[in-house]
Amino acid sequence: MRMDGATQTREYRVAVGKAAISVVPDTSLNNRISSDDDFPFSRATARNFRRGELIAGAGILVDMFARVQRGLVSASTMLPDGREFIVEIIPRGGLIGELEVLRRQMLNLEYRASSDCELYFFEGRLLRERYTTDPQFQEKVFSRTLARVSELERRIISNAGSSLQSRLAAMLLRLSTVYGKDTPANRDVLVISQNDLAATLPASREKVNQCLRRLRECKVIDGGQGRIRILNRKALEAYADGAVSAK
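Per the numbering used here, the very first residue in the sequence shown carries number 970; after that it's consecutive.
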């Protein structure tokens, strides 16, 4: 996997059975690698990325997959008209490239750091071996994949019949959930550029700014310069449902 923006790399090996091969000075990292989610493996390489840096480009054949340990990662593609479409923003605990590794396929999305972040990278063969020999693990992989596909399908259907204002409100609520996984105490504060926010919908930056201005005037949100704070969650939910309209 291409790591254009990696700022720091270190390798972690955790204890396997009775043969401890750990070279980690802080043993708390071992627990995070082995039990933090449904994809525990015995070896990981940790890499740090700064906000905006490329993690992996589309069209690359990879034999490693990654888990977001800290921060946020955006997965995007280009629309036929040349606009960027951010398909999803991946929070702490989310995976990158696991399906491509299983299928031995190229990445079809570009991954960038949406914030300063840390990723743990794992060898693809570990995933394939586990998938082949463990039926319960196969079910976990399938469940994760189905959940992601279902969420994308729901968003597409919702976007087709909703106004931009409703879509924006729904996206702000969704992003607050995503941000909350990394910083639970600040889930109502979204640090996202206007370009990236427009790319998640997708819509033009100008029209998104108009909708944001109306929401600010109605005291539903505030903030600026790449930072949005949700002031009235119930009102934002009403806008997302199309029950009210900011004028």
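Where is the CB? At the ideal position from N, CA and C, for every residue including glycine.
All values reported here derive from a predicted model rather than from experimental measurement.
So for residue i, helix, strand or coil by DSSP?
i     : result
R1172 : With the sequence shown as reference, residue 1172 is identified as Ala, and Arg is not the correct amino acid for it. If DSSP states are grouped into helix, strand and coil, A1172 belongs with coil.
F1090 : strand
S1135 : helix
A1027 : coil
F1106 : helix
E1022 : coil
I1002 : Note that I1002 scores a pLDDT of 45, beneath 50, so its modelled location is shaky; the value from the coordinates is reported in the next line. Looking at I1002 - three-state DSSP - the assignment turns out to be helix.
By how many angstroms is the C-alpha of residue j removed from the C-alpha of residue i?
i     : j     : result
L1068 : E1186 : 44 angstroms
A1168 : R1143 : 14 angstroms
L1078 : R1182 : 31 angstroms
I1199 : Q1163 : 15 angstroms
D1050 : R1174 : 15 angstroms
T1114 : D1191 : 35 angstroms
S1131 : D1085 : 33 angstroms
L1170 : R1052 : 11 angstroms
L1048 : V1056 : 11 angstroms
S1127 : A1138 : 12 angstroms
S1135 : S1045 : 22 angstroms
A1154 : G1040 : 14 angstroms
R1156 : I1197 : 11 angstroms
G1062 : F1010 : 14 angstroms
A1207 : R1073 : 44 angstroms
R1123 : D1210 : 14 angstroms
A1027 : G1066 : 11 angstroms
P1104 : G1093 : 18 angstroms
L1166 : N1017 : 23 angstroms
D1022 : A1129 : Reading the sequence as shown, one finds Glu at residue 1022 and not Asp. For E1022 and A1129, the distance between alpha carbons rounds to 32 angstroms.
Who does residue i pair with in a DSSP beta bridge?
i     : result
A1082 : V1042
F1036 : Checking the displayed sequence, the identity of residue 1036 turns out to be Arg instead of Phe. Answer by DSSP bridge pairing, in chain order: L1064 and Y1089.
M1075 : L1030
I1059 : V1042
M1140 : Its beta-bridge partners do not exist; DSSP assigns none.
F1054 : T1046
If the criterion is Cβ atoms closer than 8 angstroms, does the pair residue i and residue j meet it?
i     : j     : result
V1160 : L1088 : no
F1091 : M1033 : yes
A1025 : Y1080 : yes
L1205 : A1172 : no
A1035 : L1064 : yes
A1015 : V1042 : no
P1060 : K1150 : yes
I1058 : V1118 : no
L1030 : M1075 : yes
F1106 : R1099 : yes
N1178 : V1189 : no
**Prompt:** Whole alpha helix (DSSP H) runs in the segment 1145-1206 with 4 or more residues, listed along the chain?
**Reply:** 1163-1169 and 1174-1186
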